[in-house]
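Take a look at the structure set out below.
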Amino acid sequence: MDSGHLILDQHSYALYNFFTCIYLSSPPFQVAKILKKQESERTQEESAALLLHQDTVQELCSRQVRRNVLKRKQEEVFDDTEDLRCKVGQLAEAVRQAKHLVIYTGAGISTAAAIPDYRGPNGVWTQLQKGRAVSSSDLSEAEPTLTHMCIRMLHEENMVQHIVSQNCDGLHLRSGLPRHTLSELHGNMFIEVCTSCSPVREFVRLFDVTERTARHRHGTGRRCTHCGGELRDTIVHFGERGTLEQPLNWRGALNAAERADVILCLGSSLKVLKKYACLWSMNRPAFRRPKLYIVNLQWTPKDDLATLKIHGKCDDVMRLLMEELNIQIPAYNQTEDPVLSLATPLSPDEEDSYTRKLIAPPAGGKDCSPGSPGQGGGTAVQGGWFGRGYSKGRKRRKKVA
């Protein structure tokens, strides 16, 4: 090491020690240190210091209160069995009486399909914030959950008129819901489109089309068979504004929200949906707005406005609800998956344009199981759309030479 680097390092170290000493001797640090002690353990000098720096004491106490409130909001709460059944009974009555019921769904309805949510204790953002790796899984392997199948049946029984979903996993479509009753506000991982065609041309695939896409980079690498234009995914990442007519179907969502007399929120933190004022009829007087029912284990910003808040897992609540309504829950049948009939075959020269697993490999078709030829190196969270928004607000560490 040359003398120049040595002097620089010594200078930096001296500055570090200097500012550290200033911080450790500063009133906020000293006051915080004193506040950690029990009142009976404080010396007269320490008690006098607290009186001298009352503004600092108040600020530190306010910060602690905010931290405690945030911690409570992140905790999962479970209603006991008796309360859960009682609440589901109230929900069942609301479903029976509703003239126009709309369901809003979030990541919490897909956790039973081994797709983690974002903000739960095991959510993608929670784990990444703690510096933990997210378990590896191919999202194409997920199948519609009991909740997805219940929602489909409620629609078939004409008890639910529309579904507005934040999820990109395509499980609502795969459960058998008609597309006109579904608004996938943040896109669908099985759909790519050609925006060069007019109207926009859609291509449904049997695999996750987002493996090469990301925020502000939506090209999938495949081409439109009609005009040759580049295909793009339909995902709306955090910080982006969706402009596609389908599968977002904002028109259907707005019409449904305008007509709704009951809104049922399933498995959503509502931290994103709350920003869409048009979905909550906020332009109406409070007494004319839809009655709101929320099923979520954690706090949501709409809890205070809810007619009923149910703290339970979506599958548990929906199973009890279907019992109350005397409706049988069908099992998901992969051979009848609607995506199989909607899918557009790839052109021969694009057969190797993906590495994700197929929903159901056709006879003699390509099976991209782990370890098979052509399988690319896996990442912790597979799929271009999943968890991408997390990095938006993170500061990147500077590389040390």
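Taking the numbering used here, the leading residue of the sequence shown gets 2, the next gets one more, and so forth. The beta carbon of each residue, even a glycine, is placed where N, CA and C say it ideally should be.
Here residue 271 is not near residue 184, since their CB atoms are 8 Å or more apart. One thing to note: residue 101 has its Cβ within 8 Å of the Cβ of residue 261.
With contacts defined as CB atoms closer than 8 Å, residue 110 and residue 315 qualify as a contacting pair. In this structure, the alpha-carbon of residue 81 lies about 16 Å from that of residue 320.
The beta carbon of residue 221 lies closer than 7 Å to those of 193, 210, 213, 214, 232, 233, 234 in the same chain, with the five residues before and after it left out. Contiguous alpha helix (DSSP H) elements confined to the region 293 to 363 occur at 315 to 326, 339 to 343, taking only those with 4 or more residues. In this structure, DSSP gives residue 151 a helical state, which the three-state scheme calls helix.
8 Å or more divides the Cβ of residue 306 from the Cβ of residue 298. Of 227, 236, 175, the smallest CA-CA separation from residue 198 is found for 227.
Here residue 77 is exposed: its Cβ has fewer than 16 other Cβ atoms, across all protein chains shown, within 10 Å. Within the same chain, Cβ atoms closer than 7 Å to the Cβ of residue 326 are found at 93, 96, the five residues on either side in sequence being excluded.
Note on geometry: alpha-carbon atoms of residue 70 and residue 303 lie some 16 Å from one another. Relative to the Cα of residue 108, the nearest Cα in the group 187, 175, 49 belongs to 187.
Per DSSP, residue 195 is one residue of the beta strand (DSSP E) stretching across 192 to 195. Here the region 340 to 358 does not lie against the region 156 to 167, with fewer than 3 beta-carbon pairs under 8 Å apart. C-alpha of residue 38 to C-alpha of residue 44: approximately 10 Å in a straight line.
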